[in-house]
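Residue numbers (the numbering used here): 318 to 1322.
Every residue, glycine too, gets a C-beta built ideally from N, C-alpha and C.
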């Protein structure tokens, strides 16, 4: 057995590169594996304590983890062999021992590294925990790895001569036990060894997302305050010097800066510092695996919400993952991405890390990453230094690149920077090869994450909105800082109860600050009745308040209130045009050049003359540059500053667009014809220009529009609806396109007319709650056909998602006014349900008679072909399902039964209903009625026998099934009704089926 022990020890030595004994005492004087006891763990701690810098410590941590992975396997293997192989008779296994190079080549797949222990251990491709993965996922991966290693070990043993000396029963039992039970037992052993490592190397506590830490994670923390102690306690380092020290001072100063410029805050208000106000957000994190996009909400469903940002960052910064590919930090505008990069730069201990924060908006976008880093260092410290010299000045500190605002590069330069993350990963690869590993973190808006090329190994983290506990903690600090201000102005402190109705806005830190500023300026978030402001009222008050303050600054108290009101409305309308610039381009941002072109096309060119020698400001900069609720993204390319603008919250733009649309509509009420005789076309030029590029019927925009429209009296809404219908008809007959220079996107003229008319129909429905096709198209003879033709136009004008939104927003009911068919249309309320059953009387304009009516159309093949010709994806899915029915039922699709008070339906419809529901879910009366209707269809002409060929096999099969369900007398009655109009051959067959069912005989009898 001693020789076998030496063989197992050799195998362990083989798996760990021959260095396991140098790190931990695993073999006693007899050569037997002892496991990882206290002395061994103390050896790990001592070796890590001698690490020279963060990088070397991380490599040793990784190596130590690989040792326990391999050790767990061989400890269990040793126990299995000890239990199965007896020492009597003794076996000579000394020939099992391999030299070190052979050992690691067999298990590790390559010769040991000449660079030492850590590098050799890195060659063993054992699973490693990762801070973005649940600990349970690591165990699952480890179980599979142990299973593959078990196969290799058994194959290795089978190649030895001594294996053949063992009894066959022992060999079989060893192989079965190693295959079946060793992997699971090794995973359990690994768990115990991992916990022992945690005691001596605290970083291991944060390398995996373990559930037992959830209790401590729930505590709200400020400004990553716990990060520095966790990272500083791990390993001693020399303090930074020279430029590294200057960078550290600059980063730490950010904690003491106010969260807002003093110009934004009302007079007398005290603004908290970044260190006081910043709360560690909740987040989700997962690896980018190529399946789906981080821009999609559903992609994040697999990642749970976490509350341990400090622990996660500790694990990420002390493991190797982020030195191979960047961490992408995503969030909505105002979520705190940039602030997180500032906080992280300030909290990283300068003795162990070299944070370099790059505001990508302020560096040249077309420069190499190294040049951007050097430019950022110069801008931050005033010193010019090369990147290699900077890293050398930091000694053993690990460089951490904080690249803030990747979305700004994408928005301002388009596809030119979609490979930025790939470039970052290549830079990391180069630095690794040069012995200068770097960690990289990149921030970006979530919405642009689908336009990015991701290098292998990228991990994405999304910042989550504030929950109630965050908001209450933030308010506590805000109210404390402004207690004197509130008392002086007799304002109540801002509370959660006041903000709760607006928690969607309050969930984003910057928007929460905006709400707090609004309240602190003396504005109320509640109405006179102390009820919360409605959503539209809040947006009007909120945006108007900030815009009024900017107008007042420009006016410098020289204007009367009425003049300020006029200027305020002008600013809000110009902002609304900016909102349309984004809406009509179908994205949430627009560039300065695009905005300038739009405003010039709609308003004309009005250059703003400066009072100094600066270049004149454009209209876009005048409209947006000063507003708190507008975010400006920029980058520098070719020496030119490129800018884009975006509202802090998408709903701000939606409200402003709906606001202007309603204003333009209500101006139709002011129409006064020049002549009292005849009619004069309504002026809808601006309305058409703005509403013909994109739909304005998202649920949010409809709510905003209705909130504005309901302020009109009922008779005003009724009159306006008639005017909108008139505009709808007049615009269809006009070929000209007003404001021809306004082209946010190039669309066919028919597409623009389709989008515009659909938008107008939505406004009619908002004004009337319910309308009819005859009211919408009063000049049409057939309202049903008029609606159908417009629906085809709308469908061809929309993208699939837009068409879906439009269709899902409406509910239809087909009606008749005497002989004239019509439709009633209204906005859908409640959950989506199936549409009303269609009456073939309505479809074919067949009068409803008291008696049964049967008719047939012979063009069923044409229907099938036209459906195929026009089918898109959704119709194609339905057509695929219907194909067997077309093939089997053919002309039965266009053979109809009607009359009386029932709907007219096709024979195909009745057969399918019998097939799907007749077996158990239909009463005798219902079943008889359907068979009678099918029998009536036999009255139609069937000259070529096609109808009978398609009907007979289906009908007979259904009849065989249903005759068994009913008493013989009842069954005979509906067979008689079915046979009344049947040809003789079919009548004889049906009667025979009824007789067979009555006497219980089989079909063949």
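Close Cβ partners of residue i (< 8 Å) along its chain, the five nearest in sequence each way excluded
i	result
residue 1218	none
residue 803	796, 809, 810 and 837
residue 889	860, 861, 864, 973 and 976
residue 1024	851, 852, 853 and 854
Cutoff 7 Å; reference residue i; Cβ partners in own chain excluding five residues on either side
i	result
residue 565	557 and 667
residue 600	623, 626, 778, 779, 780 and 781
residue 1255	1298 and 1299
residue 1269	1303
residue 1073	1005, 1008, 1009 and 1048
residue 828	651, 822, 965 and 966
Cβ-based burial, residue i [other Cβ within 10 Å; buried from 16]
i	result
residue 1042	buried
residue 779	buried
residue 643	buried
residue 955	exposed
residue 1180	exposed
residue 1182	exposed
residue 649	buried
residue 1191	exposed
residue 633	buried
residue 499	buried
Whole-angstrom distance between residue j and residue i, CA atom to CA atom
i	j	result
residue 1056	residue 990	23 Å
residue 985	residue 973	19 Å
residue 1302	residue 1308	10 Å
residue 754	residue 374	13 Å
residue 505	residue 782	38 Å
residue 1266	residue 1088	45 Å
residue 1133	residue 971	38 Å
residue 469	residue 382	21 Å
residue 979	residue 646	38 Å
residue 1085	residue 1002	23 Å
residue 629	residue 816	30 Å
residue 567	residue 1027	54 Å
residue 794	residue 814	16 Å
residue 523	residue 1081	59 Å
residue 800	residue 967	32 Å
residue 1295	residue 1095	46 Å
residue 513	residue 387	15 Å
Residues near residue i by beta carbon distance below 6 Å, same chain, minus five either side
i	result
residue 741	643 and 757
residue 451	526
residue 959	729 and 952
residue 660	540, 541 and 595
residue 389	503, 506, 507 and 510
residue 1111	1071 and 1075
Beta-carbon spacing of residue i, residue j below 8 Å
i	j	result
residue 673	residue 738	no
residue 1222	residue 1291	no
residue 726	residue 908	no
residue 1090	residue 1103	yes
residue 385	residue 507	yes
residue 714	residue 671	yes
residue 1140	residue 1126	no
residue 1061	residue 898	yes
residue 1010	residue 1064	yes
residue 1264	residue 1201	no
residue 766	residue 788	no
residue 722	residue 760	yes
residue 603	residue 582	no
residue 1136	residue 1164	yes
residue 1214	residue 1250	yes
In chain order, which continuous runs of the alpha helix (DSSP H) of length 4 or greater are located wholly inside the segment 624-671?
Given a length threshold of 4 residues, each whole run of the alpha helix (DSSP H) inside the segment 624-671 is given here in chain order: 626-635 and 654-664.
In chain order, which continuous runs of the alpha helix (DSSP H) of length 4 or greater are located wholly inside the segment 1059-1098?
Taking only runs of at least 4 residues, the alpha helix (DSSP H) segments lying wholly in the segment 1059-1098 are 1066-1085 and 1090-1093.
Starting from the N-terminal side, write out each stretch of the beta strand (DSSP E) that is 3 residues or longer and does not extend beyond the segment 948-982.
Uninterrupted beta strand (DSSP E) stretches at least 3 residues long and entirely within the segment 948-982 occur at 957-964, given in chain order.
Could you pull out every unbroken alpha helix (DSSP H) segment of at least 4 residues lying fully inside the segment 674-732, listed in chain order?
Counting only runs of 4 or more, we get 686-698, 704-710 and 723-730.
Restricting to runs no shorter than 3 residues, where is the beta strand (DSSP E) found entirely within the segment 1144-1203?
The segment 1144-1203 contains these whole beta strand (DSSP E) runs: 1170-1173.
Every unbroken alpha helix (DSSP H) within the segment 1273-1310, with a cutoff of 4 residues, ordered by chain
If we require 4 residues or more, the alpha helix (DSSP H) runs fully inside the segment 1273-1310 come out as 1285-1296.
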